[in-house]
Amino acid sequence: MAGTFPTFFKIHVTQELNSGVMTGTLPDAPTVVIGHVPVIPRPNRKLSEGMKCLDNRLAILQCYEAFKQFIV
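Note that the numbering used here numbers the sequence shown so that position 18 is 19, with each residue one more than the last.
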């Protein structure tokens, strides 16, 4: 899986956002998006190594496990 690297996003979906998406209109209230890029041992090589190295996988999967609590 060289070259693959996840970024985690949390988007609070309000009724107004849901309606806006369904009708193709912009909601009046801003949409808050929180993103997280996992910290890995060699960040300058994340695109070439991706999830190939075991220590990268460990860090990424730990972030995934922590992020699961926010999924409804």
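Virtual Cβ for every residue (Gly too), placed ideally from N, Cα, C.
To the nearest angstrom, how far is the alpha carbon of residue i from that of residue j?
{"i": "Lys-47", "j": "Val-34", "result": "23 Å"}
{"i": "Phe-68", "j": "Thr-24", "result": "30 Å"}
{"i": "Ala-30", "j": "Ile-12", "result": "13 Å"}
{"i": "Lys-53", "j": "Pro-44", "result": "13 Å"}
{"i": "Asn-57", "j": "Asn-19", "result": "35 Å"}
{"i": "Thr-32", "j": "Thr-15", "result": "8 Å"}
Using CA coordinates, which residue listed in the options is at the minimum distance from residue i?
{"i": "Gln-63", "options": "Val-38, Val-14 and Ser-20", "result": "Val-38"}
{"i": "Val-40", "options": "Ile-61, Ser-20 and Val-14", "result": "Ile-61"}
{"i": "Phe-6", "options": "Gln-70, Phe-71, Tyr-65 and Leu-18", "result": "Tyr-65"}
Return the chain-ordered list of same chain residues with a C-beta closer than 7 Å to the C-beta of residue i, the five sequence neighbours on each side being excluded.
{"i": "Gly-21", "result": "Leu-27 and Pro-28"}
Short of 8 Å in beta carbon distance, which residues of its chain neighbour residue i, apart from the five on each side in sequence? Order them along the chain.
{"i": "Glu-17", "result": "Pro-28, Asp-29 and Ala-30"}
Excluding the five sequence neighbours on either side, which residues of its own chain have a C-beta within less than 6 Å of the C-beta of residue i, listed in chain order?
{"i": "Phe-9", "result": "His-37 and Phe-68"}
{"i": "Pro-42", "result": "Asp-56"}
When DSSP builds the beta bridges, which residues end up paired with residue i?
{"i": "Ile-35", "result": "Lys-11"}
Three-state secondary structure (DSSP) at residue i?
{"i": "Arg-46", "result": "helix"}
{"i": "Met-2", "result": "With a pLDDT of 46 at Met-2, under the threshold of 50, the modelled position of that residue is not reliable, and no figure is offered here."}
{"i": "Ile-61", "result": "helix"}
{"i": "Thr-26", "result": "coil"}
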